[in-house]
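Residues in the sequence shown are numbered consecutively from 37, following this note's numbering.
All residues carry an ideal CB built from backbone N, CA and C; glycine is no exception.
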Amino acid sequence: MPDDDNGPGLIARTAAVLSTQMSVQAGEDDSLTVYHQGTVVSIRALALAPGLEVLSLTQVLAWDLPVTEQLRSDVEAASSASNFGTIKLAVNEVTADVLLHYTFPASTLSDEALATMLLMVLGAGADVGVSIRG
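This is the structure in structure tokens:
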């Protein structure tokens with residue numbers, strides 16, 4: 037999102053609050069790539085309506101895992117237990133990636149609240165990744 041007259045845009049604020057805790061790379065398409073505890077996260081800011089700007093994130097929790105019934109069961113259990121977003125299995129023939137998708141209203145959060153929210157979501161995702169990867 038472009039910067040407005042009230043200060044940095046949401047994606048710039050997100051980069052600023054996360055960069056003190058983890059590696060953050062700005063993309064050319066007004067997105068961020070974040071590296072957190074063995075996971076990779078793509079973050080975008082989206083304006084859904086005037087006054088409603090959200091952060092949409094996709095966190096890769098595990099990749100190139102063999103597709104088994106146990107993996108399917110583990111992902112289903114993790115998704116059912118998740119307080120933040122949806123955990124999905126993206127199957128590519130004989131291997132699969134495990135992804136967390138989460139979108140939340142963020143533009144009205146203070147920087148401290150934004151950092152807290154993101155750290156809770158990314159930390160929960162990283163924990164699921166560790167459990168799925170074994």
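The count of Cβ pairs closer than 8 angstroms, one atom from the segment 76–92 and one from the segment 102–116, stays below three, leaving the stretches out of contact. Of the other Cβ atoms in all chains shown, 16 or more fall within 10 Å of the Cβ of Ala114; this residue is therefore buried. Note on Ala81: 16 or more other CB atoms within 10 angstroms of its CB, so buried under the neighbour-count rule.
Taking C-beta atoms as the reference points, Gly121 and Gly159 fail to come closer than 9 angstroms.
With a beta-carbon spacing of about 6 angstroms, Leu150 and Arg49 fall inside the 8 angstroms limit used to define contacts. Rounded to whole angstroms, the separation of the alpha carbons of Ala98 and Glu129 is 16 angstroms. Judged by their CB atoms, Val77 and Gln57 are not nearer to each other than the 9 angstroms cut-off.
Looking only at Gly45, Ser167 and Ile79, the smallest Cα-Cα distance to Glu112 is reached by Ser167. A residue is called buried when at least 16 other Cβ atoms come within 10 angstroms of its Cβ; Tyr138 meets this threshold and is buried. Secondary structure at Ala142: coil, using DSSP grouped into helix, strand and coil. Its Cα nearest to that of Ala142, the residue Met153 stands out among Leu54, Asp133, Met153 and Leu125.
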